[in-house]
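Okay, so here's the structure we're looking at.
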Amino acid sequence: MLSLFNRFLKYTPSVLIIKILAVLVLFSLSRIHFYFSNLDFFHNISFQEFTKILQGGVRYDIVSVLYLNLPFILIYIFPGNHLQGKKFRVFTDVLFFMTNAIGLLANCIDGVYYQFNLRRSIYSSLVELQDINNLGVLLLSFFTRYWSVWVVWVFFLVSIWLIIKHIKPSRGFKNKHTQFDFAFISVFFIVAGLRGGDLYHSTRPLGLNHAGEYVKQPHHTALVYNTPFTIFKTLGGGKIKKLTFFQNEIELEKAFNPIHLPDSSNTFRPYNVVVIVIESYSEEASGVVNKDKTTGGFTPFLDSLRQKSFYSEYSLANGKKSIEALPAIWCSLPSFKQPFVLSSFSTNKLNSLPSMLKSKGYHTSFFHGAPNGSMGFQSFANLVGIDHYFGKKEYANESDSDGIWGIWDEPFLQFFGKKLDQFPQPFFSTVFTLSSHDPFKIPRHLEGKFKKGPHPIYETLSYTDYALKRFFESIKNKPWFGNTVFVITADHTSSHATIPTFSNNAGRFRIPIFIYFPEIIKPTKTEKMIQQIDIFPSLMGLLKVEKPFLAFGRNVFDSSKDDYAINYFENYQWHSGKYVMLFDGEKPQGLFNFANDGLLKNNLSKKEPQRLGEMQLQAKGFLQQYQNRLIENRLTVE
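Throughout, this note's numbering is defined as the position within the sequence shown, counted from one, plus 1333.
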């Protein structure tokens, strides 16, 4: 039996698998080294928490080890007898040694560097080294002072050498068909591994934000990551630099100040808060704003609810992707060239709607009928203070699935309502619908019930509107209903606009946003605009939270504050009053009055230079505060 096992170990596939597994073990050991090197920062982690961190770390290690060893792996799985040659084997041994030595060195160095940077190194960390004039002196000092790093690294080098020495292939597949079969199967597993463990269409490849699934504190994500991963994931993306439009803080704060200072004498009002985020719900589908009978009026229930709420006819999304919505709504953080949750700043310390309410004793939850982990929502929810996640797994009834994205909106919203009834008060909960998503299906038993429009999405939005009507009917007599604030919005607009005013630069971000709380808020149509990043500070104002906080939006209930909004589509778009300025990050590209010029054809830059100058200052102040605070990890009020 032993000789049979030894023969098995000599086969090329076995050698490849064992070598990769051995490197994964070394990566886990380097994580333990990272932990003990930074105990002062992670001293409050329980054994159970650390076990979960190690479990999550393996996912990240698989991705990094596969990336690092991809050339080596491809050589091994390529059909042929090339591995039998001595020179070629030496080449693959050197390749295996060097790539893994570099990856483990990065982990070892970060074991020390973390205490200065308070996060894993990213690509920009390497770029910054180019600007250090005395880099050689600093490196020599580093080598001398932190000699233990090199001891650990030498241990890893010896381990890699032993792996190479004792695990060598002596047999390959003789049959060419078997070689090709092995190569094909290997490619399948490699792709799955590089994505983080699956090939489901509804889940994104493993990103920085997914580490939130395995930790209780945002800064603990550094233990889940490995340094090669954080460098790989920040290559070519999230390259932002500090801005210096304003030379001192006084000038900068005059232009834009994200710090909100409530009255410290406020008496907190512990209302329940429910946020409903509707997939691809464009303003075009609403009959409140769009009076066209062909393309408007597909959400009659929401239209009626909206007119009993606080709302604006000009409300805007801060992004164009689903993953950009929750940071905007919960944290008042817009996304520009890259979604915040996919950036290297996604694990910065944040203040958020869930975390601030959680500190007030709120029960916090998030509902999304897709497979758990979809879109990285579960990870981000965990990072910002959501304690209870309810997805397709918790719903636990596959017969209500649409077969593609997840649970149909109607049954899932009924499930949501029943859960709300079980939660202790006060509670904060968010639900994210999914049925108004390509391929735009509705349940078979409801086919023909809803009005069809120029695109299939309209029928699915009517279905979601119907599902929400049934949801509100099911909860309106609950004892907690009258004490609950409802915020209804969309994640982003549909990409299927049929009216030009909803498909140009400004119109493509127009979504409904309204706040329904009949016990306190009278039906009000404000002339000022509302954006997603206004939701967090507005709810803080409504609840009379007394603590200072950071938010890039405004409190829409404070009539003394001027309205503004920002989003990004090829250029930054700064909205103020009835005007929108297109801005490339340094200088204006156009100024338009969207109220009178819905198609944005009349550039007013030369006609209204004073307004253009004022809007330019505001936009520069916003961007400098945003980018510099991201880079410096200053997104909270200490």
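Every residue gets a Cβ at the ideal spot worked out from N, C-alpha and C, and that includes glycine.
For residue i, the nearest candidate out of the options (CA to CA)
{"i": "Phe1805", "options": "Ser1370, Leu1635 and Gln1906", "result": "Leu1635"}
{"i": "Ser1768", "options": "Ile1611, Leu1357, Lys1626 and Phe1643", "result": "Ile1611"}
{"i": "Ser1707", "options": "Gln1864, Pro1772 and Gly1540", "result": "Gly1540"}
{"i": "Phe1678", "options": "Phe1421, Val1356 and Glu1965", "result": "Glu1965"}
{"i": "Trp1494", "options": "Asp1625, Asp1742, Asp1426 and Val1485", "result": "Asp1426"}
{"i": "His1974", "options": "Cys1664, Gly1886 and Phe1783", "result": "Outside the shown range of the chain, which is 1334 to 1971, sits residue 1974, and nothing can be said about it."}
{"i": "Ile1662", "options": "Lys1682, Leu1686 and Lys1691", "result": "Leu1686"}
{"i": "Glu1382", "options": "Lys1420, His1553, Ser1363 and Arg1478", "result": "His1553"}
{"i": "Phe1430", "options": "Val1487, Leu1473 and Phe1380", "result": "Val1487"}
{"i": "Glu1314", "options": "Ala1823, Gly1545, Phe1475 and Lys1587", "result": "Here the chain covers residues 1334 to 1971 and nothing more, so residue 1314 does not appear."}
{"i": "Ala1898", "options": "Gln1949, Leu1473, Pro1757 and Thr1793", "result": "Gln1949"}
{"i": "Gln1755", "options": "Asn1961, Ser1734 and Ile1808", "result": "Ile1808"}
{"i": "Leu1683", "options": "Ser1892, Gln1550 and Thr1817", "result": "Gln1550"}
{"i": "Lys1751", "options": "Lys1940, Leu1459, Leu1407 and Trp1813", "result": "Trp1813"}
{"i": "Phe1521", "options": "Trp1480, Ile1406 and Asn1900", "result": "Ile1406"}
{"i": "Tyr1547", "options": "Ile1592, Leu1349 and Thr1384", "result": "Thr1384"}
{"i": "Asp1735", "options": "Phe1380, His1778 and Asn1961", "result": "His1778"}
{"i": "Ile1775", "options": "Leu1794, Pro1787 and His1788", "result": "Leu1794"}
{"i": "Tyr1728", "options": "Phe1773, Arg1962, Leu1594 and Ala1703", "result": "Ala1703"}
{"i": "Val1970", "options": "Gly1910, Gln1943, Phe1916 and Glu1879", "result": "Glu1879"}
{"i": "Asp1930", "options": "Leu1968, Tyr1849 and Phe1835", "result": "Phe1835"}
{"i": "Asn1599", "options": "Lys1877, Ser1938 and Glu1941", "result": "Lys1877"}
{"i": "Arg1639", "options": "Lys1911, Thr1857 and Glu1657", "result": "Thr1857"}
{"i": "Ala1658", "options": "Asn1837, Phe1842, Val1818 and Asp1798", "result": "Phe1842"}
{"i": "Val1423", "options": "Glu1646, Gly1630 and Lys1498", "result": "Lys1498"}
{"i": "Ile1609", "options": "Lys1953, Phe1847 and Lys1855", "result": "Phe1847"}
{"i": "Gln1388", "options": "Ile1868, Val1557 and Ala1439", "result": "Val1557"}
Other residues of its chain near residue i: CB distance less than 6 Å, five sequence neighbours each side excluded
{"i": "Arg1528", "result": "Pro1538"}
{"i": "Phe1925", "result": "Val1913 and Leu1933"}
{"i": "Ala1800", "result": "Asp1742, Glu1743 and Leu1746"}
{"i": "Ile1351", "result": "Ile1500"}
{"i": "Phe1749", "result": "Phe1700 and Val1764"}
{"i": "Arg1962", "result": "Leu1968"}
{"i": "Leu1937", "result": "Leu1924"}
{"i": "His1696", "result": "Phe1756, Pro1757 and Phe1760"}
Rounded Cβ spacing between residue i and residue j (contact assumed at less than 8 Å)
{"i": "Pro1845", "j": "Ile1821", "result": "7 Å"}
{"i": "Gln1951", "j": "Phe1589", "result": "6 Å"}
{"i": "Met1862", "j": "Asp1895", "result": "That belief does not hold up - the Cβ atoms of Met1862 and Asp1895 are roughly 10 Å apart, past 8 Å."}
{"i": "Tyr1791", "j": "Lys1785", "result": "7 Å"}
{"i": "Asn1651", "j": "Gln1865", "result": "5 Å"}
{"i": "Ala1544", "j": "Ser1712", "result": "7 Å"}
{"i": "Pro1921", "j": "Leu1883", "result": "That belief does not hold up - the Cβ atoms of Pro1921 and Leu1883 are roughly 27 Å apart, past 8 Å."}
{"i": "Ile1442", "j": "Val1482", "result": "6 Å"}
{"i": "Tyr1901", "j": "Lys1670", "result": "7 Å"}
{"i": "His1788", "j": "Thr1831", "result": "7 Å"}
{"i": "Gly1444", "j": "His1376", "result": "No, Gly1444 and His1376 are not in contact; Cβ-Cβ is about 16 Å, not under 8 Å."}
Residues near residue i by beta carbon distance below 7 Å, same chain, minus five either side
{"i": "Arg1392", "result": "Gly1529, Gly1530 and Leu1539"}
{"i": "Gly1436", "result": "Ser1397, Leu1401 and Pro1561"}
{"i": "Phe1341", "result": "With a pLDDT of only 45 at Phe1341, under 50, the local geometry of the prediction cannot be trusted, and no value is derived from it."}
{"i": "Gln1957", "result": "Leu1576, Phe1578, Phe1579 and Leu1585"}
{"i": "Asp1394", "result": "Leu1357, Phe1360, Ser1361 and Asn1559"}
{"i": "Leu1335", "result": "In this prediction, Leu1335 scores a pLDDT of 42, lower than 50, which makes its location untrustworthy; the coordinate-derived value is nonetheless stated afterwards. Closer than 7 Å at Cβ, skipping near neighbours: no residue."}
{"i": "Asn1904", "result": "Leu1915, Phe1916, Asp1917 and Gln1922"}
Same chain, Cβ closer than 8 Å to residue i, neighbours up to 5 away in sequence not counted
{"i": "Phe1890", "result": "Phe1643, Ser1871, Gly1874 and Leu1875"}
{"i": "Ala1355", "result": "Ser1492, Ile1496 and Ile1500"}
{"i": "Arg1803", "result": "Glu1743, Leu1746 and Gln1747"}
Distance cut-off 7 Å: residue i Cβ against heavy atoms of the ligand ADP
{"i": "Asn1715", "result": "You won't find the ligand ADP in this model; it holds no ligand whatsoever."}
Cutoff 8 Å: residue i Cβ touching any chain D Cβ
{"i": "Phe1955", "result": "Of the protein chains in the structure, only one exists, and it is not chain D."}
Please specify which runs of the alpha helix (DSSP H), each continuous and at least 4 residues long, are wholly inside the stretch 1516-1561, giving them in chain order. Fully enclosed alpha helix (DSSP H) runs of no fewer than 4 residues occupy 1554-1557 of the stretch 1516-1561, in order along the chain.
In the stretch 1679-1736, which residue ranges form an unbroken beta strand (DSSP E) of at least 3 residues, counting only runs that do not cross its ends? Runs found: 1696-1701 and 1721-1723.
Please give me, in chain order, every unbroken run of the beta strand (DSSP E) with length at least 3 that falls completely inside the stretch 1591-1674. Considered as a whole, the stretch 1591-1674 harbours 1605-1611 and 1643-1645 as its complete beta strand (DSSP E) runs of no fewer than 3 residues, in chain order.
What ranges does the beta strand (DSSP E) occupy inside the stretch 1914-1957, keeping only unbroken runs of at least 3 residues that lie completely in it? Fully enclosed beta strand (DSSP E) runs of 3 or longer: 1921-1926.
Cβ contact (3+ pairs, closer than 8 Å) linking the stretch 1611-1623 and the stretch 1822-1829: By the C-beta criterion, the stretch 1611-1623 is judged to be in contact with the stretch 1822-1829, since at least 3 inter-stretch pairs fall below 8 Å.
Any alpha helix (DSSP H) of 4 or more consecutive residues that is wholly inside the stretch 1471-1501: You should have 1480-1499.
Three CB pairs or more closer than 8 Å across the stretch 1579-1588 and the stretch 1711-1731: Below 8 Å, too few C-beta pairs join the stretch 1579-1588 and the stretch 1711-1731 to call them touching: fewer than three.
On the three-pair Cβ rule with 8 Å, is the stretch 1688-1702 touching the stretch 1750-1767? The stretch 1688-1702 makes contact with the stretch 1750-1767: 3 or more CB pairs, one atom from each, lie closer than 8 Å.
I'd like the ranges of any alpha helix (DSSP H) spanning at least 4 consecutive residues and lying wholly in the stretch 1350-1388. Whole alpha helix (DSSP H) segments, 4+ residues: 1372-1375.
Considering only residues of the stretch 1831-1906, which uninterrupted beta strand (DSSP E) runs meet the minimum length of 3 residues and lie entirely inside it, listed in chain order? Counting only runs of 3 or more, we get 1847-1849, 1857-1859 and 1897-1902.
Taking only runs of the alpha helix (DSSP H) that begin and end inside the stretch 1739-1789, which ones reach a length of at least 4 residues, in chain order? DSSP runs (the alpha helix (DSSP H)) wholly in the stretch 1739-1789: 1742-1755.
Restricting to runs no shorter than 3 residues, where is the beta strand (DSSP E) found entirely within the stretch 1784-1830? Complete beta strand (DSSP E) runs here, min 3: 1817-1823.
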